[in-house]
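Colleague:
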Amino acid sequence: MAEIINEVKFSDAGMAEIQRYISHYPEGRQKSAILPIMHVAQAEFGGWLSPQVMDKIAEILNIQPIEVYEVATFYTMFNLKPVGKHVLEVCRTGPCCLRGADQMIDMIKQKLNIEEGETTADGMFTLKPVECLASCGTGPMLQVRETYYENLDTEEKLDQFLETLRNTEVETPYHQK
Amino acid sequence: MGIKILTEHINVPGIETLEVYRKHGGYRSVEKALKTMTPDEVVEEVKTSGLRGRGGAGFPTGMKWSFLAKPEGVPRYLVCNADESEPGTFKDRVFMQKNPHALIEGMITSSYALGANTSYIYIRGELMFVLRILEKAIAEAYAAGLLGKNIMGSGYDLDLHVAPGGGAYICGEETALLESLEGKRGNPRNKPPFPAVKGLFASPTVVNNVESIASVPWIVNNGGAEYAKIGVGRSTGTKLISASGNINNPGVYEIELGVPVEEFIYSDEYCGGILKGKQLKAVVPGGSSVPILPANLILKTAAGEDRLMTYESLSDGGFVSGSMLGSGAFIVFDEDQCIVRNTWNYARFYHHESCGQCSPCREGTGWMEKVLHRIEHGHGHQQDIDLLVSVAKQIEGNTICPLGDAAAWPVASAVRHFRDEFEWHIKHPQEATLPGAVYRGQLETITA
Ligand SMILES: Cc1cc2nc3c(=O)[nH]c(=O)nc-3n(C[C@H](O)[C@H](O)[C@H](O)COP(=O)(O)O)c2cc1C
Ligand code: SF4
Ligand code: FES
């Protein structure tokens, strides 16, 4: 089946971010900037990295596409499949469990009617369990893009959080500077 | 109230700005070091201070610095380890978020001591919001002539950058971190060569934890000998402790090393006692990788002495009856917590985070997770307990990096101290899998 591949084009602000990161490394070491560039790409292109986007990153860094795939598959923050508008990255590690993370995850599953790794039918939320986010004193907690939502230990707080998120528009962080 | 070296001004409004930070004595160590001390003199002060690495291993910082190779014409690097992914640890995140200039000051003074002209702060990718706080502070420092060329007219140049990771616990291990910083998968390197000889971009490199680096300005300002007066014995100075679990006041506390564990748990100055007045069951005192200790052994050593918050006291008794200070992540379990479930959770974590390079770690962590999962879910066999011990033993010491040990120790120690709880799960699978069921000794169950 023929596929029409849209050209991958970063915004000007995104491209400026990318160039800034590349400038942090010695000449010939531009590949070092791959992780920050993947973060920029994920923010710009709907929260995940398609093969086309990864190929574009390879082109920018002047490396082989396989080198980008290799890195993208190692790190858990990069989504290699489409995701919902808001990805709920929920901490499921021991210290948060002492404060009710298991119960919070169960409640989210029930309320959104999805399992771990799934996206709601309306495309609004994806549930992605992750490991300790260095916020163990304020668990149960989760992350959505660059924001931590902490102490989600009651149903009311969880409901309120989901409602707020439903009405939150997605912005690329470096545009807010 | 003990002395506060790292957190004295942390709650001052506006401390994240250069102006307020300088008003409270910020960047004095840069001026003092760059204008009145040679790099070697700074290294000497840090050696004298007895400061030990705060990332987990506790290796003396000054000694590490003195190992740095200095071949002619080759750049040297200082890399700050802000990966902070050890479960239970959140001190570096809180510290950087609230007081970014304090880390930057430490980076400048430390980079000067090591002769590095480019330095990096590698921060876990989940902390992008902290990266932005650091970058803002770095921009202020450049504008004020504290970074860049000819800092404060001293002739010393330094560029400082922040690099985000991508979500991988293993990138906290220093050689995996360097791989990641070079834009590769975070597979730990074989050692030797050590980073001090061949680190970032194959150049001599020092990797230090956020807290270690942030302790340097005080040492430069007040002298290593003054620092060494704080604390107990070889545990000098102060330590940030991330306190979590079933306590009244979770949070980050700066303690003088030597505070009794009992005081740390029960005093209102720190944890404020166990949540809802429950009983203390166990503590993991140094992050998920260190051995868990039951209440009696965390409060007193096997010899009956008060356990103190020091490297030595927490490890007293070795792995038979002791643990480790590690990264200072103090995780508290009350009587309602199930040790089997927690051990399974940690085993799952390490299996998930193993990079897969060495078979004992890759296969062993998978086995431990699987066996613990079946015990927790009521399908365990009597031989499983010994199987766990034997798998843990086969991992320990047989891997490229210490993640293997970090995965083995929590399992081995949980079985050592809570064997009857594991047996109860295996012998009474129905009771043990009831919601909220917890073993409370002598086969008594309480269901929630
Ligand atoms: C699996 C693993 C994870 C680690 N994670 C961290 C970390 O997040 N932060 C850190 O400072 N050190 C971490 N370390 C320790 C580092 O390898 C290294 O010893 C430390 O950064 C050195 O700094 P220090 O001497 O100032 O403690 C980790 C080690 C291992 C084996
Ligand atoms: S011990 Fe585990 S994490 Fe470390 S290098 Fe080996 S497989 Fe990778
Ligand atoms: S365990 Fe959840 S943030 Fe650390």
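Here the protein sequences come in this chain order: A and B.
Just add 11 to the spot in the first sequence (first one is 1) and you have my numbering.
Just add 177 to the spot in the second sequence (first one is 1) and you have my numbering.
Backbone N, C-alpha and C define an ideal beta-carbon position, used for all residues, glycine too.
With a threshold of 7 Å between beta carbons, is residue 108 (chain A) in contact with chain B?
Modeller: Here the question's residue 108 (chain A) lines up with position 97 in the first sequence. Yes, residue 108 (chain A) lies at the interface with chain B (some Cβ there is under 7 Å from its Cβ).
Colleague: For a test of the three-state rule: what should DSSP assign to residue 582 (chain B), helix, strand or coil?
Modeller: Looking up residue 582 (chain B) in the second sequence gives position 405. Of the three classes helix, strand and coil, the one that applies to residue 582 (chain B) here is helix, per DSSP.
Colleague: Compute the Euclidean distance between the alpha carbons of residue 503 (chain B) and residue 390 (chain B), then round it to the nearest angstrom.
Modeller: Here residue 503 (chain B) refers to the residue found at position 326 when the second sequence is read from its first residue. Here residue 390 (chain B) refers to the residue found at position 213 when the second sequence is read from its first residue. Their Cα atoms are separated by approximately 17 Å.
Colleague: What does residue 97 (chain A) touch in chain B if you count any residue whose Cβ is under 8 Å from its own?
Modeller: Within the first sequence, the letter at position 86 stands for residue 97 (chain A). The contacting residues do not exist; residue 97 (chain A) stays about 16 Å from chain B at best.
Colleague: Any contact of the region 296-309 of chain B with the region 524-536 of chain B, i.e. 3+ C-beta pairs under 8 Å?
Modeller: no
Colleague: Nearer than 6 Å: is that true of the beta carbon of residue 362 (chain B) relative to any heavy atom of ligand 2?
Modeller: By one-based count along the second sequence, residue 362 (chain B) stands at place 185. Between ligand 2 and the CB of residue 362 (chain B), the shortest heavy atom gap is not smaller than 6 Å.
Colleague: According to DSSP, residue 229 (chain B) sits in a beta bridge with which residue or residues?
Modeller: Counting from one through the second sequence, the residue named residue 229 (chain B) turns up at place 52. Note: residue 229 (chain B) sits in a beta bridge opposite B:237.
Colleague: Tell me the rounded alpha-carbon separation between residue 624 (chain B) and residue 110 (chain A).
Modeller: Counting from one through the second sequence, the residue named residue 624 (chain B) turns up at place 447. Counting from one through the first sequence, the residue named residue 110 (chain A) turns up at place 99. For residue 624 (chain B), the pLDDT reaches just 40, beneath the cut-off of 50, and the residue's location in the model is therefore unreliable, leaving the point undetermined.
Colleague: Closest by CA to residue 432 (chain B), which one among B:388, B:593 and B:563?
Modeller: If you number the second sequence from 1, residue 432 (chain B) lands on position 255. Here the closest residue by C-alpha is B:388.
Colleague: Hey, does residue 620 (chain B) have any beta-carbon neighbour from chain A nearer than 7 Å?
Modeller: In the second sequence, residue 620 (chain B) corresponds to position 443, counting from 1. Any reading at residue 620 (chain B) must be qualified, since the residue scores a pLDDT of 42, below 50, and its modelled position is unreliable; the value itself is stated next. Cβ-Cβ to chain A under 7 Å: no for residue 620 (chain B).
Colleague: Can you list, in chain order, the residues of its chain with a C-beta nearer than 6 Å to that of residue 591 (chain B)? Leave out the 5 residues immediately preceding and following it.
Modeller: On the second sequence, residue 591 (chain B) is found 414 positions in, with the first residue counted as 1. Counting only Cβ-Cβ distances below 6 Å, and skipping sequence neighbours, we find 469, 516 and 520.
Colleague: Starting from residue 32 (chain A), trace the alpha helix (DSSP H) in both directions and tell me its first and last residue.
Modeller: Counting from one through the first sequence, the residue named residue 32 (chain A) turns up at place 21. That run of the alpha helix (DSSP H) goes 23-33.
Colleague: Rounded to a whole number of angstroms, what is the C-alpha to C-alpha distance between residue 374 (chain B) and residue 203 (chain B)?
Modeller: In the second sequence, the residue the question calls residue 374 (chain B) occupies position 197. In the second sequence, the residue the question calls residue 203 (chain B) occupies position 26. Looking at the two C-alpha atoms, the distance is approximately 33 Å.
Colleague: If you draw a straight line from the C-alpha of residue 272 (chain B) to the C-alpha of residue 184 (chain B), how long is it?
Modeller: Working through the second sequence from its first residue, we reach residue 272 (chain B) at position 95. Working through the second sequence from its first residue, we reach residue 184 (chain B) at position 7. Between residue 272 (chain B) and residue 184 (chain B), the C-alpha separation is close to 8 Å.
Colleague: Rank B:505, B:379, B:454 and B:495 by C-alpha distance to the C-alpha of residue 438 (chain B) and give the top, closest one.
Modeller: Taking the first residue of the second sequence as 1, we reach residue 438 (chain B) at position 261. For the residues B:505, B:379, B:454 and B:495, the minimum Cα distance to residue 438 (chain B) belongs to B:505.
Colleague: Quick one: is the Cβ of residue 466 (chain B) within less than 6 Å of any heavy atom of ligand 2?
Modeller: Within the second sequence, residue 466 (chain B) is the residue found at index 289, counting from 1. Checking every heavy atom of ligand 2 against the Cβ of residue 466 (chain B), none is found closer than 6 Å.
Colleague: Do the region 97-115 of chain A and the region 150-163 of chain A meet, that is, are 3 or more Cβ pairs less than 8 Å apart?
Modeller: yes
Colleague: Where does residue 170 (chain A) sit, in a helix, a strand or coil, going by DSSP?
Modeller: Position 159 of the first sequence holds residue 170 (chain A). Residue 170 (chain A): helix per DSSP, three-state reduction.
Colleague: Would you say residue 442 (chain B) and residue 511 (chain B) are within 7 Å of each other, going by their C-beta atoms?
Modeller: Translated into the one-based positions of the second sequence, residue 442 (chain B) becomes position 265. Translated into the one-based positions of the second sequence, residue 511 (chain B) becomes position 334. Not closer than 7 Å, so no.
Colleague: Taking contact to mean 3 or more Cβ pairs, one atom from each stretch, closer than 8 Å, check whether the region 130-147 of chain A and the region 261-275 of chain B are in contact.
Modeller: yes
Colleague: Would residue 382 (chain B) and residue 366 (chain B) be called neighbours here (beta carbons separated by less than 7 Å)?
Modeller: The residue labelled residue 382 (chain B) in the question sits at position 205 within the second sequence. The residue labelled residue 366 (chain B) in the question sits at position 189 within the second sequence. Their beta carbons are not under 7 Å apart, which means residue 382 (chain B) does not touch residue 366 (chain B) by this criterion.
Colleague: So, helix, strand or coil for residue 121 (chain A), using DSSP?
Modeller: For this step, residue 121 (chain A) is matched to residue 110 along the first sequence. Taken through DSSP and simplified to helix, strand or coil, residue 121 (chain A) comes out as helix.
Colleague: Would you check if there are 3 or more beta carbon pairs closer than 8 Å linking the region 562-571 of chain B to the region 545-552 of chain B?
Modeller: The region 545-552 of chain B and the region 562-571 of chain B touch, with three or more beta-carbon pairs separated by less than 8 Å.
Colleague: Could you tell me the distance, in whole angstroms, from the CA atom of residue 361 (chain B) to the CA atom of residue 240 (chain B)?
Modeller: Numbered from 1 along the second sequence, position 184 holds the residue referred to as residue 361 (chain B). Numbered from 1 along the second sequence, position 63 holds the residue referred to as residue 240 (chain B). Answer to the nearest angstrom: the Cα atoms are 29 Å apart.
Colleague: Roughly how many angstroms separate the alpha carbons of residue 101 (chain A) and residue 494 (chain B), rounded to a whole number?
Modeller: In the first sequence, residue 101 (chain A) corresponds to position 90, counting from 1. In the second sequence, residue 494 (chain B) corresponds to position 317, counting from 1. Taking C-alpha positions only, residue 101 (chain A) is separated from residue 494 (chain B) by approximately 37 Å.
Colleague: Nearest chain B C-beta to residue 125 (chain A) closer than 7 Å, yes or no?
Modeller: For the purposes of this step, residue 125 (chain A) is identified with residue 114 of the first sequence, where counting begins at 1. Residue 125 (chain A) does not count as touching chain B.
Colleague: Return the first residue and the last residue of the alpha helix (DSSP H) that residue 562 (chain B) is part of.
Modeller: As a working mapping, residue 562 (chain B) is identified with position 385 in the second sequence. Looking at the DSSP string, the run of the alpha helix (DSSP H) that includes residue 562 (chain B) is 561-572.
Colleague: Looking at residue 231 (chain B) and ligand 1, is the gap between the Cβ and the nearest heavy atom below 6 Å?
Modeller: Within the second sequence, the letter at position 54 stands for residue 231 (chain B). Yes, since a heavy atom of ligand 1 falls inside the 6 Å radius drawn around the Cβ of residue 231 (chain B).
Colleague: DSSP on residue 69 (chain A), reduced to helix/strand/coil?
Modeller: Position 58 of the first sequence, counting from 1, holds the residue named residue 69 (chain A). Note: residue 69 (chain A) maps to helix in three-state DSSP.
Colleague: Contact between the region 219-229 of chain B and the region 337-353 of chain B is defined here as three or more beta-carbon pairs at a separation below 8 Å; is this criterion met?
Modeller: no
Colleague: On the DSSP bridge assignment, give the partners of residue 451 (chain B) in chain order.
Modeller: Start at 1 with the first residue of the second sequence, and residue 451 (chain B) comes out as number 274. Residue 451 (chain B) is bridged to B:424.
Colleague: Compare the beta carbon distance of residue 508 (chain B) and residue 412 (chain B) with 7 Å and say whether it is the shorter of the two.
Modeller: By one-based count along the second sequence, residue 508 (chain B) stands at place 331. By one-based count along the second sequence, residue 412 (chain B) stands at place 235. No. Outside cutoff.
Colleague: Going straight from the alpha carbon of residue 274 (chain B) to that of residue 307 (chain B), what length do you get?
Modeller: Position 97 of the second sequence, counted from the first residue, corresponds to residue 274 (chain B). Position 130 of the second sequence, counted from the first residue, corresponds to residue 307 (chain B). Straight-line Cα distance between these residues: approximately 6 Å.
Colleague: Please classify residue 487 (chain B): is it buried, with 16 or more other beta-carbons within 10 angstroms of its beta-carbon, or exposed?
Modeller: The sequence position of residue 487 (chain B) within the second sequence is 310, counting from 1. So residue 487 (chain B) ends up on the buried side.
Colleague: Does at least one heavy atom of ligand 3 sit under 6 Å from the Cβ of residue 104 (chain A)?
Modeller: For this step, residue 104 (chain A) is matched to residue 93 along the first sequence. Checking every heavy atom of ligand 3 against the Cβ of residue 104 (chain A), one is found closer than 6 Å.
Colleague: Is residue 96 (chain A) buried or exposed, if buried means 16 or more other CB atoms sit within 10 Å of its CB?
Modeller: Sequence index remark: in the first sequence, residue 96 (chain A) carries index 85 (1-based). Residue 96 (chain A) is buried by the Cβ-count criterion.
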